[in-house]
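For reference, the structure discussed in these notes is given below.
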Amino acid sequence: MSRAGAKPKGILAYLRAKTGKRTLLQDVHNMIQDAKKRFDPGSTDGDRALKVLDEFCEGTPGNTAEFVLDSGSGVVRVVTFQSARMQRSFAAFPEVVLVDSTHDTKSNRYKLFSFAIHDVFGRVSIQS
Numbered sequence: 001m002s003r004a005g006a007k008p009k010g011i012l013a014y015l016r017a018k019t020g021k022r023t024l025l026q027d028v029h030n031m032i033q034d035a036k037k038r039f040d041p042g043s044t045d046g047d048r049a050l051k052v053l054d055e056f057c058e059g060t061p062g063n064t065a066e067f068v069l070d071s072g073s074g075v076v077r078v079v080t081f082q083s084a085r086m087q088r089s090f091a092a093f094p095e096v097v098l099v100d101s102t103h104d105t106k107s108n109r110y111k112l113f114s115f116a117i118h119d120v121f122g123r124v125s126i127q128s
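With full-length UniProt numbering, you'll find the sequence shown wraps up at 128, consecutive numbering, no jumps.
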């Protein structure tokens, strides 16, 4: 909440309303300082995302993650990750394809792409 721009007094009011506990303003200040130390303020968004995906891959054997970088600018263009369970499901049903482009993408004005999906019977479906 602090990183989103909320003031400590606003965070205090939120905590009191949600938990019903008598939280002190000093508790909120301590919580903010602890969060700043824990989130490694010297790292970039990309570094933090890489750390989260590393933890994901190390958490369960079989989890995988991959970044695709633009060679010219070095900007991450695609991030893919699969849990071991997702991989087992795909191995069991390779003819099933699910393309999910996160919830509410148009609110961020993301460009949506078209996909040509081929099934095992040779049928083609164009999805936009």
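Don't be surprised by glycine CBs; every beta carbon is placed ideally from N, CA and C.
Since we're looking at a predicted model, the values are computed, not measured.
Checklist entry - How many Å lie between Gln82 and Arg22 at the Cα? => result Counted from its first residue, the sequence shown places residue 82 at position 82. Counted from its first residue, the sequence shown places residue 22 at position 22. One C-alpha to the other measures close to 42 Å.
Next on the checklist: Quick check on the DSSP output: the beta strand (DSSP E) that includes Ala65 runs from which residue to which?
Outcome noted: On the sequence shown, position 65 is the one that residue 65 refers to. Its beta strand (DSSP E) spans residues Thr64 to Leu69.
Item to check | Glu95 versus Met86: straight-line alpha-carbon distance, rounded | outcome: By one-based count along the sequence shown, residue 95 stands at place 95. By one-based count along the sequence shown, residue 86 stands at place 86. Cα to Cα, Glu95 sits roughly 14 Å from Met86.
Checklist entry - Going by beta carbon distance, what residues of the same chain come within less than 6 Å of Thr64, once the five residues before and after it are set aside? => result In the sequence shown, counting from the first residue as 1, residue 64 sits at position 64. Beyond the five residues adjoining it in sequence on each side, Thr64 comes within less than 6 Å, by CB distance, of Gln82 in the same chain, given in chain order.
Item to check | Three-pair Cβ contact test at 8 Å for the region 23–32 versus the region 41–51 | outcome: The region 23–32 is not in contact with the region 41–51.
Checklist entry - If we ignore side chains and look at the alpha-carbon of each, how far apart do Glu58 and Val124 end up? => result Counted from its first residue, the sequence shown places residue 58 at position 58. Counted from its first residue, the sequence shown places residue 124 at position 124. Rounded to the nearest whole angstrom, the CA to CA distance from Glu58 to Val124 is 37 Å.
Item to check | Simplified DSSP assignment, three categories, for Thr19 | outcome: Walking along the sequence shown from the start, residue 19 turns up at place 19. Of the three classes helix, strand and coil, the one that applies to Thr19 here is helix, per DSSP.
Next on the checklist: What does the alpha-carbon distance come out to for the pair Asp54 and Ala91?
Outcome noted: Working through the sequence shown from its first residue, we reach residue 54 at position 54. Working through the sequence shown from its first residue, we reach residue 91 at position 91. Take the alpha-carbon of Asp54 and the one of Ala91: they are about 23 Å apart.
Item to check | Neighbour-count burial assignment, Leu12, 16 or more Cβ in a 10 Å radius | outcome: By one-based count along the sequence shown, residue 12 stands at place 12. When all chains shown are included, Leu12 counts as buried.
Item to check | CB-CB length for Gly62 against Ala84, believed under 8 Å | outcome: Along the sequence shown, read from residue 1 onward, the residue named residue 62 stands at position 62. Along the sequence shown, read from residue 1 onward, the residue named residue 84 stands at position 84. Correct: roughly 3 Å between the Cβ atoms.
Next on the checklist: Measuring alpha carbon to alpha carbon, tell me which residue in Val52, Leu15 and Thr60 is nearest Val79.
Outcome noted: Position 79 of the sequence shown, counted from the first residue, corresponds to residue 79. Ranking Val52, Leu15 and Thr60 by Cα distance to Val79 puts Val52 first.
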